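Going by the numbering used here, the sequence shown opens with residue 684, and the numbers climb by one from there.
Each remark here refers to the structure printed beneath this line.
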Amino acid sequence: MSFRNTWFIALLSILTLISTTFNAAVWLEVVDSSHRFLTFQKHDFQYDAVSGTPREVPGSFRGASMVVQSPDDTYPLTNDEIWASIVPPQRGFIRLGPQGTPFAISLYHQLHCINGIRFAYVAARDSLFKRPADREAAFQHVNHCFDVLRHSLLCKADTTLSPVGSYNQTNITRRCRDWAQVREFVDKNHEFWRGIPYASTETNTSASTYHE
Numbered sequence: 684m685s686f687r688n689t690w691f692i693a694l695l696s697i698l699t700l701i702s703t704t705f706n707a708a709v710w711l712e713v714v715d716s717s718h719r720f721l722t723f724q725k726h727d728f729q730y731d732a733v734s735g736t737p738r739e740v741p742g743s744f745r746g747a748s749m750v751v752q753s754p755d756d757t758y759p760l761t762n763d764e765i766w767a768s769i770v771p772p773q774r775g776f777i778r779l780g781p782q783g784t785p786f787a788i789s790l791y792h793q794l795h796c797i798n799g800i801r802f803a804y805v806a807a808r809d810s811l812f813k814r815p816a817d818r819e820a821a822f823q824h825v826n827h828c829f830d831v832l833r834h835s836l837l838c839k840a841d842t843t844l845s846p847v848g849s850y851n852q853t854n855i856t857r858r859c860r861d862w863a864q865v866r867e868f869v870d871k872n873h874e875f876w877r878g879i880p881y882a883s884t885e886t887n888t889s890a891s892t893y894h895e
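Right under this line is the structure:
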């Protein structure tokens, strides 16, 4: 074998080794980034005085899509049990930090409000309120919920386009955050803190803390 062929094979081997090493590094970075994207802070993570209390659920969520169904028969207006299932136990409250400080997640506050408006509407329509005071309390809650939902809709400013004059919007796809992954985080958070009492200085998670 000539010197030139030996030199060429050696050079090719070196380039192959470099390419393999580079590809492996890129693959590991992709895997690591994907892992970071789909994992979350520990439920009792320590947040510091500089960053302050968490403003969002500590983690990243996958994207998702939703095809609008109109009308949507999945949630009949009079089925309280099905509507109650859209919010996790404990109203979707979670606990974060070393003391297990309670937080409400806006998503579930909004869904809770939609359910409250539905309940008041059905109860008023079907004359289910036993006392005027019950009706008044429900309507006060509805007024609060209109404000919550108005603020939420303005904040998100959904720019999805809908054809003008089309009532049937089943072909419209919206880009969303993966709501199932949010629910999974809440369930795991509840399991993590199960049986661990709140610190004596913490606010409890009774209905009164939800500004109903």
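For every residue, glycine included, the Cβ atom is placed at its ideal position computed from N, Cα and C.
Given the structure is predicted, the values throughout are model-derived calculations rather than measurements.
- A straight-line Cα-Cα distance of about 18 Å links V751 and L790.
- In the three-state reduction of the DSSP assignment, G742 falls in the strand class, which pools E and B.
- About 18 Å separates the beta carbon of N872 from that of I769, a gap too long to meet the 8 Å contact definition.
- DSSP places F802 in the helix class (H, G or I) of the three-state scheme.
- Sixteen is the threshold: when 16 or more other Cβ atoms of the shown chains lie within 10 Å of the Cβ of V869, as they do, the residue is buried.
- Beta-bridge partners of S748 (DSSP): R858.
- With a 10 Å radius around the Cβ and a threshold of 16 neighbouring Cβ atoms, G775 comes out buried.
- Put simply, of R877, G878, R857 the residue whose alpha carbon is nearest the alpha carbon of A747 is R857.
- Residue state for P772 is assigned as helix, using DSSP reduced to three classes.
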